[in-house]
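Report on the structure given below.
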Amino acid sequence: MEEFTQILLLFFSTVLVNNFILVQFLGICPFLGVSSQVETSFSMGLAVTFVMTLTAAATWLINTFILEALNLPFLQYVSFIIVIASLVQFVEMFIKKTSPVLYKALGIYLPLITTNCAILGLALQIPLNNYGFIASVVFGFAAGVGFTLAIVLMAGLRENLEFGDVPKALRGVPITLIIAGLMAMAFMGFSGMISG
Amino acid sequence: MKQLIADFKNGLWKENPIIVLVIGMCPTLAVTNTAVNGLAMGLATSFVLISSEIVISLIKKLIPNDVRIPSYILIIATFVTFTDYFLKAFFPDIAASLSLFIPLIVVNCLILGRQEAFASKNPVHRSIADAVGMGLGFTWVLVALSIFRELLGMGSVFGIQLLGSWYQPMIIMILPAGAFISLGILIGVMNVISSREG
Amino acid sequence: MNKNIGKLVMTLTIIGIISALSLAFVYEWTTPYIEKHAAKARESGIFEVVPEAESYEEVTKNGIKFYEGYKSGQRVGVALIEEGPGFQGMIKLMVGANPANGEIYGIKILEHEETPGLGANITTDSYKSNFEGKPFGEYDVIKRETSDPYQVEAIAGATISSEKVTRIVEDAVDKIQNAYGGGN
Chain Z
-5 MEEFTQILLL FFSTVLVNNF ILVQFLGICP FLGVSSQVET SFSMGLAVTF
45 VMTLTAAATW LINTFILEAL NLPFLQYVSF IIVIASLVQF VEMFIKKTSP
95 VLYKALGIYL PLITTNCAIL GLALQIPLNN YGFIASVVFG FAAGVGFTLA
145 IVLMAGLREN LEFGDVPKAL RGVPITLIIA GLMAMAFMGF SGMISG
Chain A
15 MKQLIADFKN GLWKENPIIV LVIGMCPTLA VTNTAVNGLA MGLATSFVLI
65 SSEIVISLIK KLIPNDVRIP SYILIIATFV TFTDYFLKAF FPDIAASLSL
115 FIPLIVVNCL ILGRQEAFAS KNPVHRSIAD AVGMGLGFTW VLVALSIFRE
165 LLGMGSVFGI QLLGSWYQPM IIMILPAGAF ISLGILIGVM NVISSREG
Chain P
11 MNKNIGKLVM TLTIIGIISA LSLAFVYEWT TPYIEKHAAK ARESGIFEVV
61 PEAESYEEVT KNGIKFYEGY KSGQRVGVAL IEEGPGFQGM IKLMVGANPA
111 NGEIYGIKIL EHEETPGLGA NITTDSYKSN FEGKPFGEYD VIKRETSDPY
161 QVEAIAGATI SSEKVTRIVE DAVDKIQNAY GGGN
């Protein structure tokens, strides 16, 4: 029961307190690029969550049984990025087969998940966390959920902005960044929520 | 020669990676909390960009098209690992402040993007010019943004205290929220400048 | 088709091998420097938190590494590196204590990711002085000045960071007590 509480806390702290986009600054490119519509954002979020969960599992295994066991820390970045690139390739093929509509909607953003710093950022934190396998997988899943939450919230706000009157110079990226800043400030309210 | 100068200047303004192409965002927001960090990150990224563009431009004919992206990524990851260990060994303080963002250079879309868009299609000397221009373009925006944030957030620039104790620092500036807002304002201002010019 | 896949795999494998070999070389080259920095940081930390010490010895008790400080052959104190969760990320600090009289000499923050301008002030002398001369035990973190040895004054606007550091110090003191005795 104690362990379950720990895992639950880990989940919430990763989704809210240490939100990957709004607090840790990871995954900004897709956050700015894909967040104009709620539907695409949600699909992107789902794909990212899926890849993140698998990545967490894979990197934990590689780190524990290969990198640490054989003392090859310098192969960390190279091996992690290979894993991520392969996983994304796999997810792409999977989506192409099961939902061509979704595949078309996500377009170029799918292969771009490989260069999504959020995924690599997640992978790099796994060896540092010293969590067990299950906790690491939950961590990966929560990171994806947090990412999805932020990107969907942003899309919702931007969809509403379509009807607003944004000054010409701020249209597009600048106003998105400013909104992101306000969201980040709001999320600051979560820090300290989970103590110890 | 003229071509080389044009290649170089491109990255500085017209196709500035951060302001115009809007790529390489993650480090831009995360490590611009102090001017030293912004400069260090800019230089580290430039180093990786230049080395990878050189290598890839040299061996571009040897890489089959189907595996070009994984090959580029492998090469980039190798140079990043080198940079990481180099900084840890000889500049440990900088390595500590940039920490996780050094390895994230691997997925900085700027670097992969330039291999795709330029190094894989152009001779070495032009690739060098492109890399140096883009690297500098990336670095100057990082430094500008970080000077802005450090000055307002801590009253100092490059660690030198400029604003006296009368100044109540806007801590928000060195926090994530301040980064988003500062960059948003910076790009907005740049948009105004370029629309007046063109 | 077969020949094609062969070429693809070959290319990646060759790049992979060259990459791994060159990185192994870089690793071998830089590791001594990296370890030197870590040792230097540790050493200056030990001499800072056990001020009387002129030399030190690394000792392992109960599976934990302690650094015993010596002056003229006499053990004058013990230092320990302890880490724990802070407000943001992990905090790694060093505690120096004298088991002979059950008192803490002082602490040094080695690594942290606390908020600059707020939690980051755990590295300031004024916060660290809270722990100087403290008897072994548990401490309450309160929001005003105090001269009670079992209380720690929190940093304004960074109560949580102040508390986290206090917990880590308590843990370290526990370990020192278990290994060397001292205090009640």
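Residue numbers (this note's numbering), protein chains in the order written: chain Z, -5 to 190; chain A, 15 to 212; chain P, 11 to 194.
All C-beta atoms in this analysis are idealised placements derived from N, C-alpha and C, irrespective of residue type, glycine included.
6 angstroms CB neighbourhood of residue i in its chain, flanking five on each side removed
| i | result |
| --- | --- |
| residue 99 of chain P | 123 |
| residue 177 of chain A | 169 |
| residue 11 of chain P | The predicted position of residue 11 of chain P is uncertain, since its pLDDT is 49 and thus under 50; no value can be drawn from it. |
| residue 119 of chain P | 103, 132, 133 |
| residue 97 of chain Z | 89, 90 |
| residue 93 of chain P | 100, 102 |
| residue 161 of chain A | 49, 171 |
| residue 74 of chain Z | 53, 117 |
Burial state of residue i (16 or more Cβ within 10 Å)
| i | result |
| --- | --- |
| residue 40 of chain P | buried |
| residue 136 of chain Z | buried |
| residue 176 of chain P | buried |
| residue 154 of chain Z | exposed |
| residue 166 of chain P | exposed |
| residue 156 of chain A | buried |
| residue 65 of chain Z | exposed |
| residue 69 of chain P | exposed |
| residue 165 of chain Z | exposed |
| residue 30 of chain A | buried |
| residue 54 of chain Z | buried |
| residue 79 of chain A | exposed |
| residue 128 of chain A | buried |
| residue 13 of chain Z | buried |
| residue 160 of chain P | exposed |
| residue 140 of chain A | buried |
| residue -1 of chain Z | exposed |
| residue 75 of chain A | exposed |
| residue 21 of chain A | buried |
| residue 168 of chain P | buried |
Sequence-distant residues of its chain with Cβ nearer than 8 angstroms to residue i (five each side left out)
| i | result |
| --- | --- |
| residue 23 of chain Z | 106, 109, 110, 111 |
| residue 190 of chain Z | With a pLDDT of 39 at residue 190 of chain Z, under the threshold of 50, the modelled position of that residue is not reliable, and no figure is offered here. |
| residue 50 of chain P | none |
| residue 26 of chain P | none |
| residue 79 of chain Z | 108 |
| residue 181 of chain A | 169 |
| residue 184 of chain A | 166, 167, 192 |
| residue 137 of chain A | 71 |
Neighbourhood of residue i by C-beta distance below 7 angstroms, restricted to the same chain and skipping five residues each side
| i | result |
| --- | --- |
| residue 115 of chain A | 41, 44, 45, 55 |
| residue 131 of chain Z | 47, 50, 51 |
| residue 59 of chain P | 89, 104, 105, 106, 115, 116, 117, 118 |
| residue 197 of chain A | 42, 43, 159 |
| residue 201 of chain A | 33 |
| residue 69 of chain Z | 61 |
| residue 155 of chain P | 163 |
| residue 190 of chain P | 88, 109 |
Nearest-angstrom beta carbon gap, residue j and residue i [assumed within contact, 8 angstroms]
| i | j | result |
| --- | --- | --- |
| residue 179 of chain P | residue 141 of chain P | 6 angstroms |
| residue 148 of chain Z | residue 191 of chain A | Their Cβ separation, rounded to whole angstroms, is 14 angstroms, which puts residue 148 of chain Z and residue 191 of chain A out of contact at 8 angstroms. |
| residue 150 of chain A | residue 26 of chain A | 6 angstroms |
| residue 97 of chain A | residue 152 of chain A | The Cβ separation is near 15 angstroms, so there is no contact. |
| residue 120 of chain A | residue 94 of chain A | 5 angstroms |
| residue 192 of chain P | residue 146 of chain P | 6 angstroms |
| residue 126 of chain A | residue 87 of chain A | 7 angstroms |
*Which of the residues in the segment 74 to 85 of chain Z, read from start to end, lie with their CB under 8 angstroms from any CB of chain A?*
75, 76, 79
*Anything in the segment 93 to 107 of chain A with a Cβ closer than 9 angstroms to a Cβ of chain P? List those residues in chain order, please.*
95, 96, 99, 100, 102, 103, 104, 106
*asked:* In chain order, what are the residue ranges of uninterrupted beta strand (DSSP E) at least 3 long that sit wholly in the segment 81 to 111 of chain P?
replied: 84 to 95, 100 to 108
*Would you list, in chain order, the members of the segment 34 to 50 of chain A that have their beta-carbon closer than 7 angstroms to a beta-carbon of chain Z?*
Along the segment 34 to 50 of chain A, going in chain order, the ones with a CB nearer than 7 angstroms to a CB of chain Z are 36, 37, 39, 40, 43, 44.
*Please go through the segment 134 to 167 of chain P and give each complete beta strand (DSSP E) segment of 3 or more residues, from N-terminal end onward.*
150 to 152, 161 to 163
*In chain order, what residues of the segment 112 to 143 of chain Z put their CB closer than 7 angstroms to some CB of chain A?*
114, 115, 118
*Using a Cβ-Cβ cut-off of less than 7 angstroms, give me the residues of the segment 3 to 36 of chain Z that come near chain P, in sequence order.*
none
_Quick check for students: name the residue ranges of the alpha helix (DSSP H) that lie wholly in the segment 123 to 184 of chain Z, counting only runs of 4 or more._
127 to 155, 167 to 182
*Which residues, taken in chain order from the segment 27 to 39 of chain P, show a beta carbon closer than 8 angstroms to some beta carbon of chain Z?*
29, 30, 33, 34, 36, 37
*Contact residues within the segment 65 to 84 of chain A, judged by C-beta distance below 8 angstroms to chain P*: 76, 77, 78, 80, 81, 84
*Runs of alpha helix (DSSP H) lying entirely within the segment 163 to 192 of chain P, each at least 4 residues, in chain order*: 169 to 190
*Mind listing, in chain order, the continuous beta strand (DSSP E) runs of no fewer than 3 residues lying wholly within the segment 33 to 120 of chain Z?*
none
_Using a Cβ-Cβ cutoff of 9 angstroms, what residues of the segment 186 to 206 of chain A are near chain Z? List them in chain order._
186, 189, 190, 191, 192, 193, 194, 195, 196, 197, 198, 199, 200, 201, 202, 203, 204, 205, 206
*Given a limit of 7 angstroms on CB to CB distance, which residues of the segment 57 to 71 of chain Z reach chain P?*
68, 69
*Residues of the segment 161 to 175 of chain Z with Cβ closer than 9 angstroms to any Cβ of chain A, in chain order*: 161, 162, 163, 164, 165, 166, 167, 168, 169, 170, 171, 172, 173, 174, 175
_Contact list for the segment 157 to 174 of chain A against chain P, Cβ threshold 9 angstroms_ = 167, 168
*Would you mind listing the alpha helix (DSSP H) stretches within the segment 141 to 202 of chain A that are 4+ residues and don't spill past its ends, in chain order?*
none
*What residues in the segment 44 to 69 of chain P have a beta carbon less than 7 angstroms from any beta carbon of chain A?*
If you check each beta-carbon in the segment 44 to 69 of chain P against every beta-carbon of chain A, the ones closer than 7 angstroms belong to 44, 47.
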